[in-house]
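Participant: Pasting a structure here, questions to come.
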Amino acid sequence: MTGRQKLIGSICTLLGASLLAFVLGVIAPGDPALEVLSMNGLNEPTEAEIAAKREELGLNLPIWKQYMHWLGMVLQGDLGVSYITQQSVSAELIQRLPITLSLACGALAFAIGFGIPGGIILAMFHNRWIDYAGRAWITIWTAFPSFLNAILFIIAFSEVLHWLPTSGYGTWQHFIMPSIVLGLGTSAVLMRLTRAAVLDILPQQYIVTARAKGIHMFILMLRHVLLNAFIPLITVIGNYFGGILGGAVIAEVIFSLPGIGRFAVEGIFRRDYPVMQGYVLFMACVYVLFNTVVDILYGLIHPQLRRSEVLK
Numbered sequence: 139m140t141g142r143q144k145l146i147g148s149i150c151t152l153l154g155a156s157l158l159a160f161v162l163g164v165i166a167p168g169d170p171a172l173e174v175l176s177m178n179g180l181n182e183p184t185e186a187e188i189a190a191k192r193e194e195l196g197l198n199l200p201i202w203k204q205y206m207h208w209l210g211m212v213l214q215g216d217l218g219v220s221y222i223t224q225q226s227v228s229a230e231l232i233q234r235l236p237i238t239l240s241l242a243c244g245a246l247a248f249a250i251g252f253g254i255p256g257g258i259i260l261a262m263f264h265n266r267w268i269d270y271a272g273r274a275w276i277t278i279w280t281a282f283p284s285f286l287n288a289i290l291f292i293i294a295f296s297e298v299l300h301w302l303p304t305s306g307y308g309t310w311q312h313f314i315m316p317s318i319v320l321g322l323g324t325s326a327v328l329m330r331l332t333r334a335a336v337l338d339i340l341p342q343q344y345i346v347t348a349r350a351k352g353i354h355m356f357i358l359m360l361r362h363v364l365l366n367a368f369i370p371l372i373t374v375i376g377n378y379f380g381g382i383l384g385g386a387v388i389a390e391v392i393f394s395l396p397g398i399g400r401f402a403v404e405g406i407f408r409r410d411y412p413v414m415q416g417y418v419l420f421m422a423c424v425y426v427l428f429n430t431v432v433d434i435l436y437g438l439i440h441p442q443l444r445r446s447e448v449l450k
């Protein structure tokens, strides 16, 4: 795919995400005007008060006009104002983004640091008890839902051992359990993919020749096997990082971390439609951004791909 095609695809993705985000706000049950009035203390507003609030929020306009108005604001970097906090949704998301990014980066670091070396070890001990035990572990942790992992970790490391705090974000210790819980599933997937990639490379003729010449297995792994095995994993890691950011909502809610995921959940429960719409569009932008970064990294590590793109 050429650079122009990727750009067009990214624009189409963002436009589709903007339409989806807007439609979610429109089809969601309830009346935003009623929700705002109730938050302001008017539990039984009159029809006139409801109509005035709907006009103030622009809800009395045709749907297509509402969308065009909202899209115009989005293109200016304005995701609207939260019905509940009366603050800019963009500012609210940016304020909470460092917490979510810290959580996601910690989860990705755990997944890479545990999954890739684990996959290499399983491949080196192919069809031995370590390989069988590792594949059983992969199956178990891939099947376990994140919220169940979180509960088990809280019971084990907070309630029983008293090693880690259960909630909050005051220190780096608060991010250990959420990061591990969030990264467990990804680490299992990376371990499985790394094992498969290494097993595909080890029988190659140049690896067999190098081993016959007496090159140490550790050096062989670093110089040849690991680099070639890592190339197909780059795309997977980039895609899963977007998934980790989206899945952070579970960890943020369970461990009481005030990130953008928890902010979105609060907006959903309160029918704060600008927050819901802003979150969906924001995550779409992050997904497109990281896919672009992955494409660039893949081209840097795999020069043949760059040359083929130039020839096109």
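Under the numbering used here, read the sequence shown as residues 139 to 450, first letter to last.
The C-beta atom is built at its ideal place from N, Cα and C for all residues, glycine as well.
In this text the structure is predicted, and so the values were computed from the model without any measurement.
Assuming Pro396 contacts Ile237 (C-beta within less than 8 Å), just tell me the rounded distance between them.
Facilitator: 6 Å
Participant: Tell me, please, which residues DSSP counts as bridged to Ser226.
Facilitator: Val219
Participant: Take every Cβ of the region 307-324, pair it with every Cβ of the region 274-292, and state whether three or more of those distances are shorter than 8 Å.
Facilitator: In this structure the region 307-324 lies against the region 274-292, because at least three pairs of beta carbons, one per stretch, are closer than 8 Å.
Participant: For Trp202, tell me which candidate among Val164, Thr151 and Pro412 has the shortest Cα-Cα distance.
Facilitator: Val164
Participant: In terms of residues, what are the limits of the alpha helix (DSSP H) holding Asp338?
Facilitator: Ile314 to Ile339
Participant: Tell whether a beta-carbon distance below 8 Å holds between Ala171 and Leu153.
Facilitator: no
Participant: Which residues in the same chain as Val219 place their Cβ atom closer than 8 Å to its Cβ, once the five residues preceding and following it in sequence are excluded?
Facilitator: Gln225, Ser226, Val227 and Pro412
Participant: According to DSSP, is Ser240 helix, strand or coil?
Facilitator: helix
Participant: Answer yes or no: the CB of Phe295 versus the heavy atoms of the ligand ATP, is any distance below 7 Å?
Facilitator: Inclusion of the ligand ATP in the displayed structure is not the case, the ligand content being empty and no account of it being possible.
Participant: Could you name the residues of the same chain whose beta carbon sits closer than 6 Å to that of Phe428, not counting the 5 residues immediately before and after it, in chain order?
Facilitator: Gly376, Phe379 and Gly380
Participant: According to DSSP, simplified to helix, strand and coil, what is Gly352?
Facilitator: coil
Participant: Helix, strand or coil for Thr280 per DSSP?
Facilitator: helix
Participant: Tell me where the alpha helix (DSSP H) around Gly397 begins and ends.
Facilitator: Note, Gly397: premise wrong, no alpha helix (DSSP H); not H, not E.
Participant: For Ile146, collect the residues of the same chain with a Cβ closer than 7 Å to its Cβ; drop the 5 residues on either side in sequence, then sort them by chain order.
Facilitator: Here the set comprises nothing.
Participant: With 16 other CB atoms within 10 Å as the buried threshold, where does Ser446 fall?
Facilitator: Reliability of the predicted coordinates at Ser446 is poor, the pLDDT of 40 falling under 50, and the value obtained from them is presented with this limitation in mind. Per the 10 Å Cβ criterion, exposed.
Participant: For Met206, count neighbouring Cβ atoms within 10 angstroms of its own Cβ and tell me buried if that reaches 16, exposed if not.
Facilitator: exposed
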